[in-house]
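Chemist: Following this message is one structure expressed as structure tokens.
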Amino acid sequence: MAPSSDPQAFRAAIKSAKTVIILAGAGLSAGSGIPTYRGADGLWIKQDPKKLATPEGFKADASAIWQFYHSRRDTCLQAQPNAAHTFLASLSIPSVCERLLPSLSDNEKPPLFITQNFDSLSTRALEALHEEGKLSDEEIKIAKERLIEMHGSVFRTICTDCKHVKFTYDTPLCPALASTEEEGGDVEDVKKIPLAELPRCGGTSWNGRSNRYGSCGGLLRPGVVWFGEVPEGLGEIARKLNWAELLIVVGTSSLVHPAASFQKTVRDRRGKVAVFNLNRSEGDDLADFLFLGPCEETLVDIFQ
Ligand code: BJW
Ligand code: ZN
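Using this note's numbering, the letters of the sequence shown correspond one by one to residues 14 to 317.
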């Protein structure tokens, strides 16, 4: 049966669901000006993901990788959460959650929010609600615990030696990256930064080596999940997917695994799937609901 685009039927499904999971992809942040991966203007159309988004690529040319991620980090820093981020974040406000998802079990509030995006815009949308006094300290803490960034964060670094993980919005991460301004330029064209001048564990002023965790001087890598690496939070995700009565899929092409298989997992357990996407996407013909258009409009409109 073709998916339904009837807002009333969707509202009925969401109102009766005891467990809801949201899965987001790059389309959620497209309205904030962050490029997607596979669209006409997508990153992986212009650039080779084997060179830029694999551990092997990093080993081969850490300088090119760091310049690529430095530029994308700055794009994310300059972007603002859009109406879809804000709407999804607002589900963490108890009164909003109660009104829009009245059947959710107490231990399912707010709904688990899985994002493949590394841009922190969903976190920043929560932080904005907190600053506006709409989320208490305790509520934002719980909301952040229920937000899984399964492909990591561009604002995290991981030390390749001591494995220390650090989160920072500071930019640039080292002086050598300050002068690399080319946005998405060809990898071969960017300047070669010596390994010693790339971001190092404990900071770039560090000039010796020790065994100290978090200050060992080792080479840092971006804290994102590359192809061939295991995404984060999979244990929690698998447990929740088994019981989800409704999976809301927002702005993903559903081509990258394991996220691409979440729809099938939910359907196999007789849960419902609703897809919000600008265009048709992989597997959406099997969804129960399909709403085409920019999610910063469709997602917000449907709940009004
Ligand atoms: C809008 C919109 C608007 C636009 N409103 N919508 C063969 C078969 C099966 C699997 C594999 C295979 N060969 C290799 C694999 C595994 C591989 C994989 O899936 N590859 C495929 C390409 C085939 N996967 C992995 O390697 C993963 N790890 C893994 O499998 O480990 C093994 C394991 C798993 C489980 C248990 C144990 C072991 C890791 C994947 C890591 C992905 N990393 C990236 C890069 C992150 C860092 C960076 O950005 O540089 O993550 S790749 C990139 O794709 C990024 C994204 O999170 C991810 C998904 O992309 P997304 O979000 O769907 O974006 P797009 O651009 O594809 O789609 C955007 C959508 O938005 C479009 O549909 C638009 O229409 C829509 N849109 N504007 C609504 N305004
Ligand atoms: Zn270290």
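C-beta atoms are modelled at their ideal positions from N, C-alpha and C, and glycine is treated no differently. Note that the coordinates shown come from a computational prediction; the quantities given were computed from them, not determined experimentally.
Can G55 be considered in contact with the ligand ZN, in the sense that its beta carbon sits closer than 7 angstroms to one or more heavy atoms?
Modeler: No - the ligand ZN has no heavy atom lying nearer than 7 angstroms to the Cβ of G55.
Chemist: Since F131 contacts H164 with CB under 8 angstroms, what's their CB separation in whole angstroms?
Modeler: With 8 angstroms as the limit, F131 and H164 qualify as a contact, their Cβ atoms being about 6 angstroms apart.
Chemist: Would you identify the three-state DSSP class for P16, choosing helix, strand or coil?
Modeler: If DSSP states are grouped into helix, strand and coil, P16 belongs with coil.
Chemist: Please classify G46 as buried or exposed, where buried requires at least 16 other C-beta atoms within 10 Å of its C-beta.
Modeler: Burial call: exposed.
Chemist: List in chain order: all unbroken alpha helix (DSSP H) runs of 4+ residues lying wholly within the region 32 to 88.
Modeler: Within the region 32 to 88, the complete alpha helix (DSSP H) runs of at least 4 residues are 40 to 43, 56 to 59, 62 to 65, 68 to 73.
Chemist: Under the three-state reduction of DSSP, which class applies to E196: helix, strand or coil?
Modeler: Here the model assigns E196 a pLDDT of 47, short of 50, so the residue's position is not dependable, and the following value carries that caveat. E196: coil per DSSP, three-state reduction.
Chemist: Measuring alpha carbon to alpha carbon, tell me which of E158, S103, L305, L113 ends up nearest A138.
Modeler: Of E158, S103, L305, L113, the residue nearest in Cα terms is S103.
Chemist: Mind checking whether S18 and F304 have CB atoms under 8 angstroms apart?
Modeler: Cβ atoms of S18 and F304: closer than 8 angstroms.
Chemist: Can H270 be considered in contact with the ligand BJW, in the sense that its beta carbon sits closer than 7 angstroms to one or more heavy atoms?
Modeler: Yes, the beta carbon of H270 sits closer than 7 angstroms to at least one heavy atom of the ligand BJW.
Chemist: Roughly how many whole angstroms lie between the Cα atoms of A272 and Q129?
Modeler: Approximately 8 angstroms between the Cα atoms of the pair.
Chemist: Spatial neighbours of L142 within its chain, please: C-beta separation below 6 angstroms, excluding the five flanking residues on both sides.
Modeler: Answer for L142: A102, L148, listed in chain order.
Chemist: Taking only three categories from DSSP, how would you classify E162?
Modeler: Looking at E162 - three-state DSSP - the assignment turns out to be strand.
Chemist: So which of V269, N255, D281, L233 has the shortest CA-CA distance to V243?
Modeler: If we check each option's Cα against that of V243, V269 comes out closest.
Chemist: Straight-line CA distance for C110 to I153?
Modeler: Cα to Cα, the separation comes out at about 14 angstroms.
Chemist: K179 lies in the alpha helix (DSSP H); which residues open and close that run?
Modeler: Run containing K179: none in the alpha helix (DSSP H); it sits in the beta strand (DSSP E), 178 to 180.
Chemist: Quick one, are the C-beta atoms of L260 and I34 less than 8 angstroms apart?
Modeler: In this structure, I34 lies closer than 8 angstroms to L260 by Cβ.
Chemist: Whose C-alpha, out of L36, A25, M14, Q21, is nearest the C-alpha of S274?
Modeler: Out of L36, A25, M14, Q21, L36 has the C-alpha closest to the C-alpha of S274.
Chemist: Cβ of C187 versus every heavy atom of the ligand ZN: is any distance shorter than 7 angstroms?
Modeler: Checking the Cβ of C187 against the ligand ZN gives no.
Chemist: DSSP state of P235, grouped into three classes?
Modeler: In the structure shown, P235 sits in a strand (DSSP, three-state: E or B).
Chemist: Is there at least one non-hydrogen atom of the ligand BJW closer than 7 angstroms to the beta-carbon of A66?
Modeler: Yes, the Cβ of A66 comes within 7 angstroms of a heavy atom of the ligand BJW.
Chemist: Closer than 6 angstroms by C-beta to G197: which residues in its own chain qualify, once you throw out the five before and the five after it? Chain order, please.
Modeler: Low confidence applies here, because G197 scores a pLDDT of 48, under 50, leaving its location unreliable; read the following figure in that light. Once the five neighbours on either side are set aside, G197 has no close Cβ partner at all.
Chemist: Determine the DSSP secondary structure at F23, reduced to helix, strand or coil.
Modeler: Correct three-state label for F23: helix.
Chemist: Assuming I261 is part of the beta strand (DSSP E), what are its boundary residues?
Modeler: Looking at the DSSP string, the run of the beta strand (DSSP E) that includes I261 is 259 to 263.
Chemist: Would the beta-carbon of K300 fall within 8 angstroms of that of P48?
Modeler: Per the sequence shown, the amino acid found at residue 300 is Ala instead of Lys. Not closer than 8 angstroms, so no.
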